[in-house]
Structure formats: C-alpha cells, structure tokens
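When you number the sequence shown by this note's numbering, it's gap-free, plus one each residue, and the end is 559.
Worksheet: one structure, shown below.
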Amino acid sequence: MTSGPDGVMLASMKTSRAERAEVLGAALKAARQAKGFGMEEVAERLEMPVEVLSRVERGVMVPTISTLVRLCIILRLDPDNLPEELPEMSD
Numbered sequence: 469m470t471s472g473p474d475g476v477m478l479a480s481m482k483t484s485r486a487e488r489a490e491v492l493g494a495a496l497k498a499a500r501q502a503k504g505f506g507m508e509e510v511a512e513r514l515e516m517p518v519e520v521l522s523r524v525e526r527g528v529m530v531p532t533i534s535t536l537v538r539l540c541i542i543l544r545l546d547p548d549n550l551p552e553e554l555p556e557m558s559d
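Here it is in structure tokens:
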C-alpha cells in the first residue's frame, strides 16, 4: 500500500470515494422512489439497461456527468440539492 503526497494511505482514498458513490446512489434511488418512478421507467428514459441504473443506485458505478444531468432532469432534482461531496468523476 502506498501513501499519497499528504501521507494518507491511498486505500482510504478509495474507500472514501466508494462511500461517496454510495451516498450519491442512495440519494438518487430515494429521489426516484419519492417521485413514484420505477427503475425500469427511469432506465428506459435514460436509454440504458436497468442493470446499469441499479449499479449507480447501489454505488457500484458512478454515473457520467451527462447521465447525472439527465437523471436530475427526469427526477426533477436541483443538482445543488445533491450530496455536497460528489464522487470525483475523473477516477
């Protein structure tokens, strides 16, 4: 295991990123359910397989920025109300 420039172990950085992905996914899932949308309906509107949306909602996969924007439009979410600590999209 290697350390980053500030001495923090890189494994903990990955865990932190994974935790943020889970927070984002849970927030998107909660918003979808609160709006009464089924996973199949949202996946169809996004033109993506249901399994991909499921992976996003479980925090296994981080959506691209364009997918995140489309999700916000479909779910009528203000991106400013998403969790403040969004996962870094460049990793």
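The beta carbon of each residue, even a glycine, is placed where N, CA and C say it ideally should be.
Since this is a predicted model, take the numbers as computed values, not measurements.
Going by DSSP in three states, M507 sits in which element: helix, strand or coil? Helix.
Confirm, please, whether the CB-CB distance from I542 to V510 is below 8 Å. The answer is yes: Cβ separation under 8 Å.
For T470, count neighbouring Cβ atoms within 10 angstroms of its own Cβ and tell me buried if that reaches 16, exposed if not. With a pLDDT of 46 at T470, under the threshold of 50, the modelled position of this residue cannot be trusted; read the value that follows with caution. Exposed, since its Cβ has fewer than 16 Cβ neighbours within 10 Å.
N-terminal and C-terminal residue of the alpha helix (DSSP H) that L543 is part of: That residue, L543, is in no alpha helix (DSSP H); it is neither H nor E in DSSP.
Would DSSP call E512 helix, strand or coil? DSSP, reduced to helix, strand and coil, places E512 within a helical segment of the structure shown.
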